[in-house]
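Protein chains in written order, with my numbering: chain A, 1 to 381; chain B, 1001 to 1857.
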């Protein structure tokens, strides 16, 4: 077992237990304790999000997109899967994101011998009180960084599943609520690497988005060498928002308006993945929900209170690519999940009146949108 | 909650950029619901005045197609009634469809009131009796159109049709100019009126018609510009002096081109500027070669070479230009006996003493544009006064010929004397012919046999010369012969000369040349000296009078190319040359040559049914040419100048023009509809649709899988809009605002009723949605359109204007849709049939296998 609490955890003000992660703060617009979080006003939202992204960008050079997507997932109440070869800054991104927020963070280094109880916690018999008492595991934090998650055994991986999906832990028949916000940022090496247990489809489906970090470009790499030589840049990062503020931001995102045509578009995207001849497994209905939530977060980060098709398009690849499984034939022809998603995006009519030729009314267009993928798919076969 | 405030601050640059300008621009325009009532109230009335002025003005040009002016008052009342009915209904804010229906009803009522008052209820409501009357009037109109040449008498039928057509045109023009907001296109309707006189009248449209139509059209344009300014030009208001300069330069250029063009186009020398004239290669040849050009003149639909004359003769006389007397050779032409011609026409003494009492007639002639070396004059001229230039006359034929001048623009007075001939007198003049030059009696060498035998057969049993002449005339005017301008052309015997005669006598169909020469040649065969006179048949009364010194006001007549005529003159001893009229249905048979019992042809031009009494105000001058019933069979054989083909042609031209312009019209109408002021909340969506169509027209077609923002970015980066920072910054801003508005409208929360929209944002969205919505979108679209047009190549610009891909695509889709549906149905049926067949096949195979297996076991 190899997990540790970060210093931030200890830095919580007194009286704030693990179960109560939201910190009281003097910032305007933050909710009071015990009340459901109220939405943030737009200026505060955009300044807060700007601050977070700026803080991340001081640490990780040239990965603004990844940082933004990470924040998007946080605000959309999803979980993030960072997948790439070792040493491109996966863990650094996760840690930086966690540090910018004034909340409890725990980090679990997954190894093959990690036990489920290490993640969730365990009931220990207290001699003094003569009762079993629950010792919470590493998952009891606002942000849980699961490093190299695919190195753990399937049993441990699935222990994390319940937490991720239900935001609660069940030990010895008792359920313990996790704090809000709750986000798992898992990193993993590509499944071909040695000593890995690939995440099963079901578990991959619980992650809202997968980001491939990719290598930095030349300038960013040079700068990284310059700045990171002396000291860890992480040390300079301080929290820019509180957990309560994040909760308010999440509430803001929740209230972003989704129009009927966006729902139509999302659904037709999902159906297109399921009907595609190139895929063995298409996107699940849950993924549609997550896609929409990610799109809402993107819209809010863009300063809008309604979702545009552009928001859906911008997150579709990250949200959908890790859930779909290529047909064997398609894989052999060099298709990748990403390319299939891109092809589908290039094919599905965006909006009702985009499908019609002229000033078609919304009702006619909606039917056209639904009919179009089927027609194109038939042509493909 | 909303995130809009930062957007509303910077997201509408088009509006925030120049708020003062857009405000002042919006004030006069956009007849939307927010407009003050007074402004919107005045527009229908002013538009009605303009449309009525345009139609009534263009109708002025119909004078000349219809005779006189009496038809104009019913036309005017119809036009005004229809126009003002529409204005009234518009002022009451009826819907366009009902306005049109109301105008139609008003037209029916006013037409009933004008034409069918006795046959209607209360004098203006159509009743059961009205319908048969309408049928009668329409029959009359169609008879007129079929049988008469312009100018036609304005009988009730034709006036009814004219009124109805003009009333409908008022509705059409009004519809184009007002609800469809295509004021410039409404000119097509006005053009439709002008086309008719332009093709029929010899002097084309005429200054009046042209000026009236132009003034009305300009008024329509002005009214529509004032009340619903085109956003494109509206942005460039009168404050900008460039507009006037451009206008002046365009006008000057058009004027120059028009003036130069008529120098280049051959034959473009008739009529006066600005309406010019028609192309007619025969235009200058009027009368130069009478025998040849006569058929052409008769067939010409325009009837040029108009001559007016006033006379104190009881009936309009024949006007004679020249005689043809040498019948030898392939073609006959006037024999120019220049050696015997005498100069000076002041006194033309032949020295022959007439045997009968003579009637002296004074005729004042104005030749106008008629150009010929010979002077038209009534027979037999004794003195011609008032001529300019030097003229000579031939004592043998009394033809008057210019020495160094021609007949163009001559005004002169002819004193002519003709003997009062009677059949008795002519019958007595049976003595042997003496003193007549040989060229009038010489029998041609090559007279075809049929002419000889016919002459013998016809005159058999006639004893006197007069009886023989009458026999020949009777024969030619008999029912066997038909008058036709076309059959000689089709039969290949058009022209003159003896060879033609044989064909003519076989076919028994031809026109005056053939009849006259047949009679002349047959007369010579029978021993009567003869010649062919070429000139004009008696003309029509113009209704006007001309005052001549010592004669008072004389009735005026007019003739033109279509009255060109040829007739034989036969010589009777002691009486001189006597004209006859062998051509059926043309001219007027002289009193001495009328057969008591036989009906004969007469002028067909009298068709006034007395509806309009002013036309027949002076019927007195024409007792001898009184209308005689037309032989039923002969009527359709007179193809002189028919209105029908002209009308069909005008309609076809109009249709073709509309057809060619229809993509553009459809595109413009679609744009107007989208950018109209009443769209309210849908303005953003319609503006966006218009932007997509515009981009498509200019070669940046939107893709269905593209997000609005992506399309907008692609359009702006495609270069079609030009430089985003320079002169075209406006249009880039406009595209951005259109996109933002559309996104908010399409994907944003509904503006009202949503509880999560905070109060601060509500007025903002409401303002964007309704207040400036329609015209704001219009202004933006206009900016985008301007930039797209400025940066497109000429060909692309032409295509965008006349064959817009957006319209063509939707039309193509409409055409293809049924085929696609059929194909899909066929595919479905095929699949079902295939499945059925497969089922049958597999069950059969299964049965065979089972059978085989059971046998094997």
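Glycine included, each C-beta is placed from N, C-alpha and C at the ideal position.
No experiment lies behind these values; they were computed from the predicted model shown.
For residue 1374 of chain B, which residues does DSSP report across the bridge? B:1401
Distance cut-off 6 Å: residue 108 of chain A Cβ against heavy atoms of the ligand FAD: The ligand FAD is not part of the structure shown, which contains no ligands of any sort.
DSSP three-state label for residue 208 of chain A, please. coil
Determine the direct distance from the alpha carbon of residue 1174 of chain B to that of residue 1099 of chain B, and round the result to whole angstroms. 10 Å
Kindly say whether residue 54 of chain A, judged by its beta-carbon, lies nearer than 7 Å to any beta-carbon of chain B. no
Out of curiosity, what's the CA-to-CA distance linking residue 1851 of chain B and residue 208 of chain A? 60 Å
Please list the partners that residue 1707 of chain B has in chain A, where partner means a Cβ-to-Cβ separation under 7 Å. 308, 309, 310, 313 and 350
Exposed unless 16 or more other CB atoms sit within 10 angstroms - verdict on residue 1481 of chain B: buried
Other residues of its chain near residue 1854 of chain B: CB distance less than 7 Å, five sequence neighbours each side excluded: The answer is none, since no qualifying residue turns up.
How do the segment 1428-1445 of chain B and the segment 1567-1579 of chain B stand: do at least 3 beta-carbon pairs fall below 8 Å, yes or no? These segments touch.
Three-state secondary structure (DSSP) at residue 1279 of chain B? With a pLDDT of only 33 at residue 1279 of chain B, under 50, the local geometry of the prediction cannot be trusted, and the value read off the model is given with reservation. Residue state, collapsed to three classes: coil.
Would you please state the rounded distance, in angstroms, between the beta carbons of residue 1111 of chain B and residue 1078 of chain B? I believe it to be under 8 Å. 7 Å
Helix, strand or coil, according to DSSP, for residue 1513 of chain B in the structure here? helix
How about residue 262 of chain A: is its C-beta nearer than 7 Å to some C-beta of chain B? Against chain B, the CB of residue 262 of chain A has a partner CB under 7 Å away; the residue lies at that interface.
Need the endpoints of the alpha helix (DSSP H) that residue 1158 of chain B sits in, please. Going by DSSP, residue 1158 of chain B is part of the alpha helix (DSSP H) stretching over 1156-1177.
Find the residues of chain A that neighbour residue 1751 of chain B, judging by a C-beta separation of less than 9 Å, and give them in chain order. The contacting residues do not exist; residue 1751 of chain B stays about 11 Å from chain A at best.
Three-state secondary structure (DSSP) of residue 56 of chain A: helix
For a cutoff of 7 Å on Cβ pairs, would you count residue 1663 of chain B as touching chain A? no
N- and C-terminal bounds of the alpha helix (DSSP H) containing residue 1543 of chain B: Here residue 1543 of chain B belongs to no alpha helix (DSSP H); instead the beta strand (DSSP E) covers 1540-1548.
For chain B, check one thing: does any of its Cβ atoms lie closer than 7 Å to the Cβ of residue 318 of chain A? So, not an interface residue.
For a cutoff of 7 Å on Cβ pairs, would you count residue 257 of chain A as touching chain B? yes
Which residue wins for smallest C-alpha separation from residue 1083 of chain B, given the options B:1102, B:1541 and B:1072? B:1102
Own chain residues within Cβ distance below 6 Å of residue 1514 of chain B, not counting five before or after: 1504
Proximity to residue 1442 of chain B [Cα-Cα], best of B:1388, B:1387 and B:1524: B:1524
For residue 72 of chain A, report the span of its alpha helix (DSSP H) as first-last. For residue 72 of chain A, the enclosing alpha helix (DSSP H) stretches over residues 64-75.
Where the beta strand (DSSP E) through residue 126 of chain A begins and ends: 121-126
Here's the rule: buried if 16 or more other CB atoms are within 10 angstroms of the residue's CB, otherwise exposed. What is residue 1403 of chain B? exposed
List the residues that DSSP assigns as beta-bridge partners of residue 1055 of chain B. None; residue 1055 of chain B has no bridge partner.
Residues in the same chain with beta-carbon distance under 6 Å from residue 1530 of chain B, minus the five sequence neighbours each way, listed in chain order, please. 1520, 1523, 1524, 1568 and 1570
Start and end residues, alpha helix (DSSP H) containing residue 319 of chain A: 309-320
Beta bridge counterpart(s) of residue 1861 of chain B as assigned by DSSP: Since the first and last residues shown for chain B are 1001 and 1857, residue 1861 of chain B lies out of range.
With respect to the alpha helix (DSSP H) encompassing residue 1480 of chain B, which residues constitute its N-terminal and C-terminal limits? Where residue 1480 of chain B is concerned, there is no enclosing alpha helix (DSSP H), given that its DSSP letter is neither H nor E.
Once DSSP output is grouped into helix, strand and coil, what is the label at residue 1755 of chain B? Any reading at residue 1755 of chain B must be qualified, since the residue scores a pLDDT of 42, below 50, and its modelled position is unreliable; the value itself is stated next. The answer is coil: DSSP assigns residue 1755 of chain B none of H, G, I, E or B.
What is the DSSP secondary structure of residue 1552 of chain B, reduced to helix, strand or coil? Of the three classes helix, strand and coil, the one that applies to residue 1552 of chain B here is strand, per DSSP.
Taking all protein chains shown into account, decide if residue 1196 of chain B is buried (16 or more other Cβ within 10 angstroms of its Cβ) or exposed. buried
Check distances from the C-beta atoms of the segment 317-347 of chain A to those of chain B and list, in chain order, the residues that come in under 8 Å. 345, 346 and 347
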